[in-house]
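Asker: Using the numbering used here, read the sequence shown as starting at 3 and increasing by one per residue. Ideal placement from N, C-alpha and C gives every residue a C-beta, glycine not left out. Values in this document were obtained by computation on a predicted structure and should not be read as measured data. One structure, pasted below without further comment.
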Amino acid sequence: MKRLFALLLSIITTALSFAQLPVLASGTLKRQENFPSVYVTPRTVDVWLPDGYTFDKKYNVLYMHDGQMLFDSGTTWNKQAWDAEDVIASLLKEKKIKDLILVGIWSNGETRHADYFPQKAFELLTKTEQDSIYAAGRSNGAAVFNNHPVQSDKYLQFLIKELKPFIDSVYSTYKDRSHTFIAGSSMGGLISLYAICEYPGIFGGAACLSTHWPGVFTMEKNPVPAAFLKYMEKQLPDPATHKIYFDYGTATLDALYPPLQQKADILMKNRGFTSRNWITREFPGEDHSEKAWHKRLHIPLTFLLGR
Numbered sequence: 003m004k005r006l007f008a009l010l011l012s013i014i015t016t017a018l019s020f021a022q023l024p025v026l027a028s029g030t031l032k033r034q035e036n037f038p039s040v041y042v043t044p045r046t047v048d049v050w051l052p053d054g055y056t057f058d059k060k061y062n063v064l065y066m067h068d069g070q071m072l073f074d075s076g077t078t079w080n081k082q083a084w085d086a087e088d089v090i091a092s093l094l095k096e097k098k099i100k101d102l103i104l105v106g107i108w109s110n111g112e113t114r115h116a117d118y119f120p121q122k123a124f125e126l127l128t129k130t131e132q133d134s135i136y137a138a139g140r141s142n143g144a145a146v147f148n149n150h151p152v153q154s155d156k157y158l159q160f161l162i163k164e165l166k167p168f169i170d171s172v173y174s175t176y177k178d179r180s181h182t183f184i185a186g187s188s189m190g191g192l193i194s195l196y197a198i199c200e201y202p203g204i205f206g207g208a209a210c211l212s213t214h215w216p217g218v219f220t221m222e223k224n225p226v227p228a229a230f231l232k233y234m235e236k237q238l239p240d241p242a243t244h245k246i247y248f249d250y251g252t253a254t255l256d257a258l259y260p261p262l263q264q265k266a267d268i269l270m271k272n273r274g275f276t277s278r279n280w281i282t283r284e285f286p287g288e289d290h291s292e293k294a295w296h297k298r299l300h301i302p303l304t305f306l307l308g309r
């Protein structure tokens, strides 16, 4: 482990990023390309530090998936971005949230679905059902899983055993559950929920925007949502010590979500979650995009990290 940290520290101090760095509205970005892992393929990790970052105090940590989409639309594939640093900086300036740093974990396009699909829920499916999910395609005919088996347990091991210890060793962070959060959208929403369920001792809060309850891209004879609910029924964390945020729009891909989110909401209530530790918000007319998530990012941030 010490050798790994030494290697990563040398990357920070000596390596230059060949990818185009985002133009930020505020703060500083530290980029580590090809972050090594024994669990998943190497990937880029961006660490955003707010203006005035100092080792004289400790910071909360927010881990976000699809990190390549968080900053500067000029660097993303679809020319959209969360502009997360702008939202966070505004909330910090207004003293609406606690001090934090943001860790953006880039997704690996080839294995993204396999990395983010909750594995223990998948394992509740029959072999026939699993095969049908693996055979699922996108609207353009491309395979959803790209011939990769579900490996979200390994992805979470990467976060917990490799990335978090590194972040906590290099940056001035609080290391405990009550100061550690995870967030994402779509499949990133699913893996955020899975993370807080699997590691309730690590994460104190999760934000799941436009959670992709279907798992794939069709609802016809789709056993996945029921498997997710069955998993949640047993694995949701203690509402006394955890907060969970859900939301959804009603346009484009988000149009699939309202009835599925409603079933999850019933389960949340039955497990003792209340408005003190759980929010579900609907955003009529909003679609499945970074622009939409940018407009409402302040809501989960204030809920999870509010002063």
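Pick helix, strand or coil for H181, following the three-state DSSP scheme.
Answerer: Position 179 of the sequence shown, counted from the start, is the residue given in the question as residue 181. Three-state DSSP puts H181 in a helix.
Asker: DSSP puts F285 in a beta bridge; with which residues?
Answerer: By one-based count along the sequence shown, residue 285 stands at place 283. Beta-bridge pairing links F285 to G251.
Asker: In the DSSP assignment, what residue or residues form a beta bridge with H67?
Answerer: As a position in the sequence shown, residue 67 is number 65, starting the count at 1. H67 pairs with I107.
Asker: Let me check one thing: in DSSP terms, what residues is K236 bridge-paired to?
Answerer: Along the sequence shown, read from residue 1 onward, the residue named residue 236 stands at position 234. Bridge partners of K236: none, in fact.
Asker: Inspect the beta-carbon positions of T282 and D267 and report whether they are closer than 7 Å.
Answerer: Walking along the sequence shown from the start, residue 282 turns up at place 280. Walking along the sequence shown from the start, residue 267 turns up at place 265. Result yes, Cβ atoms of T282 and D267 sit closer than 7 Å.
Asker: In this structure, how does DSSP classify Y61 when only helix, strand and coil are distinguished?
Answerer: Indexing the sequence shown from 1 puts residue 61 at position 59. Y61 falls in the strand class under three-state DSSP.
Asker: Would DSSP call A209 helix, strand or coil?
Answerer: Sequence index remark: in the sequence shown, residue 209 carries index 207 (1-based). Strand at A209.
Asker: Taking DSSP as the reference, what is the three-state secondary structure of I13?
Answerer: Position 11 of the sequence shown holds residue 13. Because I13 sits at a pLDDT of 45, beneath the cut-off of 50, its placement in the model cannot be relied upon, and the following sentence gives the value as read from the coordinates. If DSSP states are grouped into helix, strand and coil, I13 belongs with the helices.
Asker: Under 7 Å between the Cβ atoms of P225 and P202?
Answerer: Residue numbering aside, residue 225 sits at position 223 when the sequence shown is read from its first letter. Residue numbering aside, residue 202 sits at position 200 when the sequence shown is read from its first letter. It is not a contact, given that the beta carbons lie outside the stated cut-off.
Asker: How far does the beta strand (DSSP E) with V25 in it extend, from its first residue to its last?
Answerer: The sequence position of residue 25 within the sequence shown is 23, counting from 1. Counting along the chain, V25 falls outside any beta strand (DSSP E), and DSSP gives it neither H nor E.
Asker: Mind checking which residues open and close the alpha helix (DSSP H) that includes L51?
Answerer: Start at 1 with the first residue of the sequence shown, and residue 51 comes out as number 49. Unbroken run through L51 is the beta strand (DSSP E), 45–51; no alpha helix (DSSP H).
Asker: Out of curiosity, what's the CA-to-CA distance linking Q153 and H115?
Answerer: As a position in the sequence shown, residue 153 is number 151, starting the count at 1. As a position in the sequence shown, residue 115 is number 113, starting the count at 1. In this structure, the alpha-carbon of Q153 lies about 9 Å from that of H115.
Asker: DSSP puts L102 in a beta bridge; with which residues?
Answerer: What you label residue 102 is simply residue 100 of the sequence shown in a count that begins at 1. In DSSP, L102 forms a bridge with N62.
Asker: Where does K223 fall in DSSP's three states?
Answerer: Locating residue 223 in the sequence shown gives position 221, counting from the first residue. Correct three-state label for K223: coil.
Asker: Does the stretch 118–128 come within contact of the stretch 80–91, defined as at least 3 CB pairs closer than 8 Å?
Answerer: no
Asker: For G274, which of helix, strand or coil comes out of DSSP?
Answerer: Here residue 274 is taken as the residue at index 272 of the sequence shown, counted from 1. Note: G274 maps to coil in three-state DSSP.
Asker: Could you say which of D48, V218, I169 lies nearest to A144 if we only look at CA atoms?
Answerer: Start at 1 with the first residue of the sequence shown, and residue 144 comes out as number 142. For the residues D48, V218, I169, the minimum Cα distance to A144 belongs to V218.
Asker: For I295, tell me which candidate among K100, K122, M71, R45 has the shortest Cα-Cα distance.
Answerer: The residue labelled residue 295 in the question sits at position 293 within the sequence shown. It is worth fixing the name first, because residue 295 is Trp in this sequence and not Ile. M71 is the residue among K100, K122, M71, R45 whose C-alpha sits nearest the C-alpha of W295.
Asker: From what residue to what residue does the alpha helix (DSSP H) around T304 run?
Answerer: Counting from one through the sequence shown, the residue named residue 304 turns up at place 302. That run of the alpha helix (DSSP H) goes 300–307.
Asker: So, for S92: in the same chain, excluding its five sequence neighbours on each side, which residues have a beta-carbon less than 8 Å away from its beta-carbon?
Answerer: Counting from 1 along the sequence shown, the entry for residue 92 is found at position 90. So the list reads H300, once near-sequence residues are dropped.
Asker: Could you give the distance in angstroms between the alpha-carbon of G69 and the alpha-carbon of A27?
Answerer: Locating residue 69 in the sequence shown gives position 67, where the first residue counts as 1. Locating residue 27 in the sequence shown gives position 25, where the first residue counts as 1. G69 and A27: Cα-Cα distance of roughly 16 Å.
Asker: By DSSP, does A124 sit in helix, in strand, or in coil?
Answerer: In the sequence shown, the residue the question calls residue 124 occupies position 122. A quick correction: the sequence has Phe, not Ala, at residue 124. Looking at F124 - three-state DSSP - the assignment turns out to be helix.
Asker: Contact between the stretch 93–105 and the stretch 131–151 is defined here as three or more beta-carbon pairs at a separation below 8 Å; is this criterion met?
Answerer: no
Asker: If you run the structure through DSSP and keep just helix, strand and coil, what is W295?
Answerer: Working through the sequence shown from its first residue, we reach residue 295 at position 293. Three-state DSSP puts W295 in a helix.
Asker: Does DSSP put S75 in a helix, a strand or coil?
Answerer: In the sequence shown, counting from the first residue as 1, residue 75 sits at position 73. Three-state DSSP puts S75 in a helix.
Asker: Output needed for P286: all residues of its chain with C-beta closer than 7 Å, excluding positions within five of it in sequence on either side, in chain order.
Answerer: Along the sequence shown, read from residue 1 onward, the residue named residue 286 stands at position 284. Excluding sequence neighbours, P286 sits near T252.
Asker: If we ignore side chains and look at the alpha-carbon of each, how far apart do N272 and I107 end up?
Answerer: Along the sequence shown, one-based indexing puts residue 272 at 270. Along the sequence shown, one-based indexing puts residue 107 at 105. Taking the straight line from one Cα to the other gives about 33 Å.
Asker: I'd like the list of long-range same chain contacts for D289, defined as Cβ closer than 8 Å, with 5 residues on each side in sequence excluded.
Answerer: Taking the sequence shown and counting its residues from 1, the one referred to as residue 289 is at position 287. Around D289: G251, A253, T254, L255, D256.
Asker: Which first and last residues belong to the beta strand (DSSP E) in which Q34 is found?
Answerer: The count along the sequence shown starts at 1 and reaches residue 34 at position 32. First-last of the beta strand (DSSP E) with Q34: 30–37.
Asker: On a Cα-Cα basis, can you pick out the residue from V47, V63, L23, S187 that is closest to G76?
Answerer: On the sequence shown, position 74 is the one that residue 76 refers to. G76 has its Cα closest to that of L23, out of V47, V63, L23, S187.
Asker: For K166, which of helix, strand or coil comes out of DSSP?
Answerer: Working through the sequence shown from its first residue, we reach residue 166 at position 164. DSSP places K166 in helix when its eight states are reduced to three.
Asker: What would DSSP say about K1, mapped onto helix, strand or coil?
Answerer: Outside the modelled stretch of the chain, which goes from 3 to 309, sits residue 1, for which no answer is possible.
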